[in-house]
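In the working numbering, the protein residues as written are 52 to 229. Using N, Cα and C, we set each Cβ at its ideal position, and we do this for glycine too.
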């Protein structure tokens with residue numbers, strides 16, 4: 052009698068374990084977690100982070116980071132502040148589109164000739180927000196002619212290539228604007 056009770060106990064424990072694993076497998080995948088997308092405009096690499104209406108970009112930092120699975124320190128590649136109203140970045144910085152290495156009046160660290168493929172970017176805005184992300188870029192980054200309207204672009208993120216509308220909608224779900 053005691054043996055049968057033990058067997059039932061083990062059987063019940065095994066059944067509960069199986070059910071918990073099946074239940075865990077039925078969970079929806081986590082939502083994407085990205086704040087910045089990358090795109091090539093002409094021959095220049097650019098980043099886009101949706102920002103709140105009325106907010107403006109104030110500064111940017113770009114670091115080279117070790118590839119996934121490798122250890123090492125990040126290295127500052129470019130740091131700039133005070134976007135200018137004309138030039139490659141032009142007024143696009145008001146919308147969160149930044150051509151790397153251009154468009155800022157104050158350069159604290161001059162940009163390299165080429166940016167690498169594993170980058171960490173932090174964008175500071177006038178509202179006091181910081182948007183940041185680290186991305187391993189694919190060999191072929193989404194590419195568009197310089198001057199393509201922002202809403203027609205698509206961007207590389209850690210979750211693959213996404214359209215402007217998708218990145219903007221994700222931002223609006225995740226960030227509360229004042």
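(request) My understanding is that residue 204 touches residue 114, with C-beta atoms under 8 Å, so please give their C-beta distance in whole angstroms. (result) Between residue 204 and residue 114, the beta carbon gap of about 24 Å keeps them out of contact (Cβ cut-off 8 Å).
(message) Need the endpoints of the alpha helix (DSSP H) that residue 7 sits in, please.
(response) The question about residue 7 has no answer, for the chain in this structure spans 52 to 229.
(message) Taking only three categories from DSSP, how would you classify residue 199?
(response) coil
(message) My output table needs one value for residue 127: the three-state DSSP class, helix, strand or coil.
(response) strand
(message) Could you compute how far the alpha carbon of residue 104 sits from the alpha carbon of residue 184?
(response) Taking the CA atoms as reference points, residue 104 sits about 21 Å from residue 184.
(message) Short of 6 Å in beta carbon distance, which residues of its chain neighbour residue 117, apart from the five on each side in sequence? Order them along the chain.
(response) Once the five neighbours on either side are set aside, the close Cβ partners of residue 117 are 123.
(message) In this structure, how does DSSP classify residue 59 when only helix, strand and coil are distinguished?
(response) helix
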